[in-house]
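Report on the structure given below.
In my numbering, the protein residues as written are 1 to 109.
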């Protein structure tokens with residue numbers, strides 16, 4: 001179910017890398033022709049990288065929120081919930097005497 005999301009993210013990373021390569025080539029061309037100084041070209045690349053990093057952080061935040069929202073809607077138990085249920089079962093079994101406490105082994109989560 002998460003495979004399409006993974007593929008989309010990989011495609012986005014690939015496009016970002018391609019765009020950076022194209023920008024580097026364009027900046028080099030502009031500096032070689034004298035349309036941009038080396039300093040201006042560096043600043044342009046820095047601005048591009050910063051914008052890309054910010055967009056990457058924004059995308060990561062959005063994906064995290066979407067995954068959390070999706071997980072809230074799915075009927076899966078969290079590790080904490082399973083551990084709480086196991087503890088509750090152990091306590092009930094001990095009270096009923098059906099299983100000796102040393103026979104109950106907690107599962108590793």
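We put the CB at the ideal spot given by N, CA and C, even for glycine.
**OP:** Assign residue 41 to one of two classes, buried (16 or more other C-beta atoms within 10 Å of its C-beta) or exposed (fewer than that).
**Re:** buried
Original post:
Which residues in the same chain have their Cβ closer than 6 Å to the Cβ of residue 36, if we skip the five residues on either side of it in sequence?
Top reply: 30
Original post:
Between which two residues does the alpha helix (DSSP H) carrying residue 60 extend?
Top reply: 38 to 73
**OP:** Since I believe residue 15 is in contact with residue 45 (beta carbons under 8 Å), could you give me their beta-carbon distance rounded to a whole number of angstroms?
**Re:** No, residue 45 and residue 15 are not in contact; Cβ-Cβ is about 17 Å, not under 8 Å.
Original post:
Starting from residue 188 and walking both ways along the alpha helix (DSSP H), at which residues does that stretch end?
Top reply: One cannot answer for residue 188 here, as it falls past the ends of the chain, which runs 1 to 109.
Original post:
Can you give the Cα-Cα distance for residue 63 and residue 20, rounded to whole angstroms?
Top reply: 23 Å
**OP:** Report buried or exposed for residue 27, applying the criterion of at least 16 other Cβ atoms within 10 angstroms of its Cβ.
**Re:** buried
Original post:
Taking the C-alpha atoms as reference points, what is the distance between residue 89 and residue 95?
Top reply: 10 Å
Original post:
In three-state terms, what does DSSP make of residue 14?
Top reply: helix
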